Amino acid sequence: MLTKIDHIGIAVNSLAESLPFYRDQLGMSLSGTEEVASQKVRVAFLAIGESKIELLEPTSPDSPVAKFLEKNGPGIHHLAYNVADIEAAISRLTAEGARMIDAAPRAGAHGASIAFVHPKSSGGVLTELCQSGEEHAH
Ligand code: CMX
């Protein structure tokens, strides 16, 4: 069902302040920044092999990431797995008793279809299923 780690989401207060560590000190390549209005975040993607690091900056005080930062400070926010068929993955998880935040896929960054599993049903790790835009088009 899962094909690889798609990305690791990291909550930051400011992309501008956080990017130099990843881009300049770790030497990762920035593949772009994008605002995901529905999630009230601005994201920056950095490539690392087959996977990515996604820095998440809140764009509003009622963003889920703003709430996370208020409670925990900056740090790892979620883990995203790539799936070939997100609807099949949601059905299987639901049938296995997982609590989905998203019962149906919705639009994420880079044209991907995404769905979150509630951290209370995944051992405290906010888990994202991600079907990339290219695969979705097939
Ligand atoms: N990882 C692990 N646990 C988390 C968490 C996270 N990122 N965010 C919240 N929690 C925990 C809280 O600590 C809390 O636990 P306790 O009850 O033990 O204290 C519990 O989940 C409920 O948290 P809450 O603050 O009361 O609830 P929220 O209203 O903040 O909702 C969540 C939490 C996960 C349902 C909500 O953030 C959500 O729907 N997330 C999915 C969407 C999202 O995160 N979007 C941003 C990224 C978008 C992108 O990548 O494109």
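Last residue of the sequence shown: 515 (my numbering), numbering continuous. Glycine included, every Cβ here is placed at the ideal spot set by N, Cα and C. Predicted, not measured: the structure shown is a model, and the values here were computed from it.
Return the residue from the list the options that minimises the CA-CA distance to residue i.
i      : options                           : result
Ala489 : Gly501, Leu423 and Glu505         : Glu505
Val466 : Val420, Ala492, Gly485 and Ala484 : First, the amino acid is wrong: residue 466 is Ala here, not Val. Considering only alpha carbons, the answer is Ala492.
For the beta strand (DSSP E) that contains residue i, what are its first and last residues?
i      : result
Ile478 : Neither: Ile478 is in no beta strand (DSSP E) and is coded neither H nor E.
Asn459 : Gly452 to Val460
Pro435 : Ser428 to Pro435
Ala388 : Leu379 to Ala388
Leu407 : Ser406 to Val413
Glu493 : Checking the displayed sequence, the identity of residue 493 turns out to be Phe instead of Glu. Ser490 to Val494 is the span of the beta strand (DSSP E), which, as asked, contains Phe493.
Leu506 : Thr504 to Gln508
Considering residue i, what are the terminal residues of the alpha helix (DSSP H) in which it resides?
i      : result
Val418 : It is not in any alpha helix (DSSP H) - Val418 instead sits in the beta strand (DSSP E) that spans Val418 to Ile425.
Glu464 : Ile463 to Ala472
Lys497 : Lys497 -> no alpha helix (DSSP H), and no H or E assigned at all.
Ala486 : Run containing Ala486: none; DSSP gives neither H nor E here.
I believe residue i touches residue j by the beta-carbon criterion, under 8 angstroms. Please report the beta-carbon distance rounded to the nearest angstrom.
i      : j      : result
Leu503 : His454 : 6 angstroms
Taking all protein chains shown into account, do 16 or more other C-beta atoms lie within 10 angstroms of the C-beta of residue i, making it buried, or fewer, making it exposed?
i      : result
Gln402 : exposed
Lys497 : exposed
Phe398 : exposed
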